[in-house]
Each structure stands twice: as C-alpha cells, then as structure tokens.
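Engineer:
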Amino acid sequence: MSVDETAPLRVLVVDGDAHVRADVISLLDGSSELQVVAETHDAAAAVPLAERLRPDIVLLDAGAAQHATPLSRSSRVFVLASADDGPAVETAIRGGACGHLVPGAFTVHDLIRSVRDANRVSLGLSAREAEVMDLIATGRSNGEIARQLFLSEKTVKNHVNRIYGKLGVSSRATAIALWRGIVSVLPGRE
C-alpha cells in the first residue's frame, strides 16, 4: 500500500447478495476518494483476499459478522446491515468492526465520515484536530488549512504539533498513514 495522501481509500466489498454488492460498488465507483479493489460473495474467502490486498476498508455483510475479527486486524471493517440485524452488528462490533451502514441508505460521504470518526476516536484526536488531520491527508499545507478553517497559520501549526504528539509521529506521511488506517500500530520508540 502507498502512503500517498491523494490516493483513494481502497475498499473490499463482501456480501452474499449480488444485488447489494452491485449497488454498493456502483455507489463507491462514483467517488474519487474510494476505490473498490475487490469484491466477493464468499466471506471465508474475504480473509485471505484482505490479507493479500490490504484494503483500507472492508464492507462486510451482516451474515458474515463472525469474520469481522480477522478482517479488522488489517482494515477498518463496517458491517452492511439493516436495522433488523442488531445481533449480527453487535457480534461484528465485538469482533473489531468500527460500525455499520444500511445498504441502500448510506452515501459515499456517510462512509468517509464513518471512517474518519472511527479514526478520530481510535487515535484520540479532538474534533478540530480531526478536521485539521482530514485536510493534511488531502495534501494541504498549513497555510491552506489556515485559510480554509479561518485560523492563523500559528494555530494550525499548534494543532499539527498536538496531532503529531498524540499519534507519536514526526512526519506528515506517517500521520497520514495512521489516519487512513494504512498503519495501525507504530513500533515503539527507542
């Protein structure tokens, strides 16, 4: 996987229903921020597929909730579930999934916001720090971020320093990799 901050997030779609799978893929294909790298109807086949392709996101059928644990080791997992699938969603969340989306009722923006919310919570960033990190991940400079958020460049630099401190990183590329879920754990400092 590349740490390129402009590369789209890579998605694996796992759903036994061909129509649901096709609808989700069609929705995601319209976005420049997401790229479907693979699809499968077979949840058991999704685990080795995810290990080989290392997608940033796995959209997993609620019927395959038991596969959330191995998939969540390398990707952000979101369960595709209707409102009636509460037990399956709970199983998947306990297994490491970040949340769930209702097929046919979510947008690309909803998925991206869910990924960002999961990252913000798991990385311990404030809402403003997450907003700054989103802009860093799109390749914007501190000056561009300051103008977009109506902040001084000094304030943005302070946010960036706090973000680096919370993430335990010293570079934009590493911060972006963590933010996008490309790197889940950094080696300890010596």
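Read left to right, the sequence shown gives residues 1 to 190 (UniProt numbering). The beta carbon of each residue, even a glycine, is placed where N, CA and C say it ideally should be. In this text, all values refer to a predicted model and were calculated from it rather than measured experimentally.
Which one or two residues does DSSP pair with Thr40 in a beta bridge?
Structural biologist: Mapped onto the sequence shown, residue 40 falls at position 40. In DSSP, Thr40 forms a bridge with Val14.
Engineer: State buried or exposed for Ala18, treating a residue as buried only when at least 16 other CB atoms are found within 10 Å of its CB.
Structural biologist: Here residue 18 corresponds to residue number 18 of the sequence shown, with the count starting at 1. Per the 10 Å Cβ criterion, exposed.
Engineer: Are Arg120 and Ala130 closer than 8 Å when you measure CB to CB?
Structural biologist: Position 120 of the sequence shown, counted from the start, is the residue given in the question as residue 120. Position 130 of the sequence shown, counted from the start, is the residue given in the question as residue 130. Yes, the Cβ-Cβ distance between Arg120 and Ala130 is below 8 Å.
Engineer: Going by beta carbon distance, what residues of the same chain come within less than 6 Å of Ala92, once the five residues before and after it are set aside?
Structural biologist: By one-based count along the sequence shown, residue 92 stands at place 92. Excluding sequence neighbours, Ala92 sits near Ala65, Ala68, Val79.
Engineer: Any chance you could list the beta strand (DSSP E) runs of at least 3 consecutive residues sitting entirely within the segment 57 to 114, in chain order?
Structural biologist: Correct list: 57 to 61, 76 to 80, 99 to 101.
Engineer: Which class does Leu125 belong to by DSSP, given the choice of helix, strand or coil?
Structural biologist: Within the sequence shown, the letter at position 125 stands for residue 125. Leu125: coil per DSSP, three-state reduction.
Engineer: Do Pro55 and residue 198 come within 8 Å of each other at the CB atom, strictly closer than that value?
Structural biologist: Past the edges of the chain, shown from 1 to 190, lies residue 198, and the structure says nothing about it.
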